[in-house]
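>
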Amino acid sequence: MFATAGKDDYAKRVIGEKRYFEKLQSFSRLPEMVEWWSAKYLKPRVQEIFGYSGGNSFYLRPIIKAAIGNEHVVVASLGSGDGEVEIALAQELLRQAILNVQIIGFELSKDLASKATNEAEKLRVSHIVAFENADINSSLGSSQFDLIIANQVLHHVVMLEDLLDSCYCALKDDGLLMTRDMIGKNGHQSWPEAKHVVDIIWNEMPDRYKWNVRSGAYAEQFPNTDFSHSGFEGIRSQDILPLINERFGYSHFYAFGGIVERFINRSFGQNYLKTSAEDTQFVDCIQHLNDYLIDSGRITPTQMAAYFTKKKNMGKHWQRRSPEKSVRAIHEPQYISE
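Residue numbers for the sequence shown follow this note's numbering, beginning at 313 and rising by one.
Structure (C-alpha cells):
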C-alpha cells in the first residue's frame, strides 16, 4: 500500500505544482530534435498500432467514433492545464459539425481552469468544452463518461489507486481510458540498469551535448534528477502501469523510451540540430540501442501511449511490448513519508 503524504507535505506539493504550471509559457514546446526523432521513430509505430499518429488524432478519432450513432457523448479530461488539447479537440469537432460531444476538463489550478474557460469562450467552443477546478488526486465523483483522457497527468497523481478505481467506475462498459504518460522510475529517474548505459554514453560523448539549458551549466555527469521533491512530477510513475494492468485490459498499446529521452529532453535537447548529420546519426544510434535493450528484456520502457478497456482483453501492441512485459520485473515501490 502506498503511504500518502501528510497534510502539510501534500499542501506544499500542491502549491509547488500550481506555481510551476501556472508560469509555463507552453505545455507542448519541445526541442527540434524531439520533433525529428518523433517523426522518424514514434509516429510510424503509433500509426502501425493505432492506425493514426497525428497529435490530437490520438484522442479525437475515438471521440468521433463514439459520437457516431450515440445521442450524447461525454468525455472527461484529467489535469487539463491551460486547455490547449481540449480546446483543439473541440475546435475540430465543431469544424466537422459534430455537436453531440461534451468535453469536461478537470484541473487542479483554479487560474489555469479559468484561463482555459476564457479561451474556450473566446474561440466560441464553450458549448462543447468546459473546465472545472478540481483535485483529481482523489476521485472523479459519480459522473459517467464515454471516454476518459489522461494526457501526461497520471504521473502527477499521489492517490493513484483511488483515481484509477474512480476511472473504472466512471467509465461506461464500452468506454476507453486514453492515455499518453510516463511509466518509468518515480521522479523520472533512470532505473540502475538504464542509468549504467546512459553513464557510459555520457562519459564518451562530445561536451557540446552536455549543456543543460535549465541549470545554465555543463553536466559532466548524467544528472539522474528526482523531479518529485517539490511538486507531484513523476510522484508515482513506476506504479502507473502495474496498477492499470490490475484493473484494465487494453485495445492498443505502445511503450518506448528509457535511454534516448535522457539526451534529447528539454534540458539537453537544444544541443542537437535536426539539420546536422552528426547529431541525427548520434540520436539514431541511441534509439537503436534503446530498442535493443527493451526488446532483449534488459531495460523497460519509460513512456506509453495506450487505450485501456474495462474488459480484461489483450489488444494490439508493438512486438513484445505488451503492458505486462513493459513493467519492470523487480518492482520497487517508493513511499512518501508522513
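C-beta: ideal position from N, C-alpha, C; glycine also.
Quick check on this structure: which residue in 581, 441, 412 has the alpha carbon closest to the alpha carbon of residue 426?
In the sequence shown, residue 426 corresponds to position 114, counting from 1. When each option's Cα is compared against that of residue 426, the closest is 441.
> Identify whether residue 334 lies in helix, strand or coil by the three-state DSSP scheme.
Residue 334 sits at position 22 when you count from the first residue of the sequence shown. Residue confidence for residue 334 is low, a pLDDT of 46 falling below 50, so the modelled location carries little weight; the figure read from the coordinates is stated next. DSSP places residue 334 in helix when its eight states are reduced to three.
> Considering only the beta carbon of each residue, do residue 576 and residue 385 sit closer than 9 Å?
Sequence index remark: in the sequence shown, residue 576 carries index 264 (1-based). Sequence index remark: in the sequence shown, residue 385 carries index 73 (1-based). Cβ distance not < 9 Å, so residue 576 and residue 385 don't count as in contact.
> Go to residue 490, then tell me how far its beta strand (DSSP E) extends in each direction, as first and last residue.
Translated into the one-based positions of the sequence shown, residue 490 becomes position 178. 483–494 is the extent of the beta strand (DSSP E) around residue 490.
> Just reading off the beta strand (DSSP E) that residue 414 is part of, what are its end residues?
The residue you call residue 414 lines up with position 102 of the sequence shown. Its beta strand (DSSP E) spans residues 413–419.
> Indicate the three-state DSSP secondary structure (helix, strand or coil) for residue 647 in the structure shown.
For the purposes of this step, residue 647 is taken as residue 335 along the sequence shown, with counting starting at 1. The pLDDT assigned to residue 647 is 36, lower than 50, so where the model puts this residue is not dependable; a value taken from the coordinates is nonetheless given after this. Note: residue 647 maps to coil in three-state DSSP.
> Quick check on DSSP: helix, strand or coil for residue 628?
Counting from 1 along the sequence shown, the entry for residue 628 is found at position 316. In this structure, residue 628 counts as strand in the three-state DSSP scheme.
> Taking 9 Å as the threshold (C-beta atoms), are residue 571 and residue 494 in contact?
Numbered from 1 along the sequence shown, position 182 holds the residue referred to as residue 494. Numbered from 1 along the sequence shown, position 259 holds the residue referred to as residue 571. No, these two residues do not count as a Cβ contact at 9 Å.
> Who pairs with residue 561 in a beta bridge, going by DSSP?
Position 249 of the sequence shown, counted from the start, is the residue given in the question as residue 561. Looking at the DSSP assignment, residue 561 forms a beta bridge with 621.
> Grab me the residues of residue 497's own chain with a C-beta within less than 6 Å of its C-beta, minus the 5 sequence neighbours each way, in chain order.
Start at 1 with the first residue of the sequence shown, and residue 497 comes out as number 185. Closer than 6 Å at the Cβ level, and outside the excluded window around residue 497, lie 503, 550.
> Bridge partners of residue 478, per DSSP?
Residue 478 sits at position 166 when you count from the first residue of the sequence shown. Answer by DSSP bridge pairing: none, since residue 478 is not bridged.
> In chain order, which continuous runs of the beta strand (DSSP E) of length 3 or greater are located wholly inside the stretch 363–451?
Taking only runs of at least 3 residues, the beta strand (DSSP E) segments lying wholly in the stretch 363–451 are 385–390, 413–419, 441–445.
> Measuring alpha carbon to alpha carbon, tell me which residue in 557, 395, 383 is nearest residue 421.
Counted from its first residue, the sequence shown places residue 421 at position 109. Looking at the Cα atoms, 395 is the closest of the given residues.
> Starting from residue 589, follow its DSSP beta bridges and name the residues at the other end.
To locate residue 589, count along the sequence shown from 1; it is residue 277. Beta-bridge pairing links residue 589 to no other residue.
> Spell out the partners DSSP gives residue 524 in its beta bridges.
Here residue 524 is taken as the residue at index 212 of the sequence shown, counted from 1. Partner(s): 529.
> Per DSSP, residue 353 is paired with what?
Here the question's residue 353 lines up with position 41 in the sequence shown. Note: residue 353 sits in no beta bridge, so no partner.
> Quick check on residue 566: does DSSP put it in helix, strand or coil?
For this step, residue 566 is matched to residue 254 along the sequence shown. DSSP places residue 566 in strand when its eight states are reduced to three.
> Rounded to the nearest angstrom, what separates residue 596 and residue 569 at their Cα positions?
Stepping through the sequence shown from its first residue, residue 596 is reached at position 284. Stepping through the sequence shown from its first residue, residue 569 is reached at position 257. Each residue's Cα considered, the two are about 13 Å apart.
> With C-beta atoms as the reference, is residue 376 less than 9 Å away from residue 617?
The sequence position of residue 376 within the sequence shown is 64, counting from 1. The sequence position of residue 617 within the sequence shown is 305, counting from 1. Going by C-beta atoms, residue 376 is not nearer than 9 Å to residue 617.
> Might you give, ordered along the chain, the residues of its own chain that have their beta carbon closer than 8 Å to the beta carbon of residue 431, omitting 5 neighbours on each side?
Counting from one through the sequence shown, the residue named residue 431 turns up at place 119. Excluding residues within five positions, the ones whose Cβ falls inside 8 Å are 394, 395, 399.
> Closest by CA to residue 341, which one among 581, 538, 620?
Against the sequence shown, residue 341 aligns to sequence position 29. It is 581 whose Cα lies nearest to the Cα of residue 341.
> Kindly indicate which three-state DSSP category residue 602 falls into: helix, strand or coil?
To locate residue 602, count along the sequence shown from 1; it is residue 290. Three-state result, residue 602: helix.
> According to the Cβ coordinates, are residue 520 and residue 583 closer than 9 Å?
As a working mapping, residue 520 is identified with position 208 in the sequence shown. As a working mapping, residue 583 is identified with position 271 in the sequence shown. Yes, the pair counts as a contact, with Cβ atoms nearer than the cut-off.
> Give the C-beta separation of residue 452 and residue 378 to the nearest angstrom, bearing in mind that I take them to be a contact with Cβ-Cβ under 8 Å.
What you label residue 452 is simply residue 140 of the sequence shown in a count that begins at 1. What you label residue 378 is simply residue 66 of the sequence shown in a count that begins at 1. That pair is no contact at about 18 Å.
> From residue 668 to residue 359, what distance separates their C-alpha atoms?
No answer is possible for residue 668: the residues shown for the chain start at 313 and end at 650.
> Under a three-way DSSP split, which group does residue 638 fall into?
The count along the sequence shown starts at 1 and reaches residue 638 at position 326. Looking at residue 638 - three-state DSSP - the assignment turns out to be coil, as it is neither helix nor strand.
> Per DSSP, what kind of secondary structure is residue 550 in: helix, strand or coil?
Locating residue 550 in the sequence shown gives position 238, counting from the first residue. In this structure, residue 550 counts as helix in the three-state DSSP scheme.
> From residue 355 to residue 540, what does the alpha carbon distance come to, in whole angstroms?
Numbered from 1 along the sequence shown, position 43 holds the residue referred to as residue 355. Numbered from 1 along the sequence shown, position 228 holds the residue referred to as residue 540. Cα to Cα, the separation comes out at about 29 Å.
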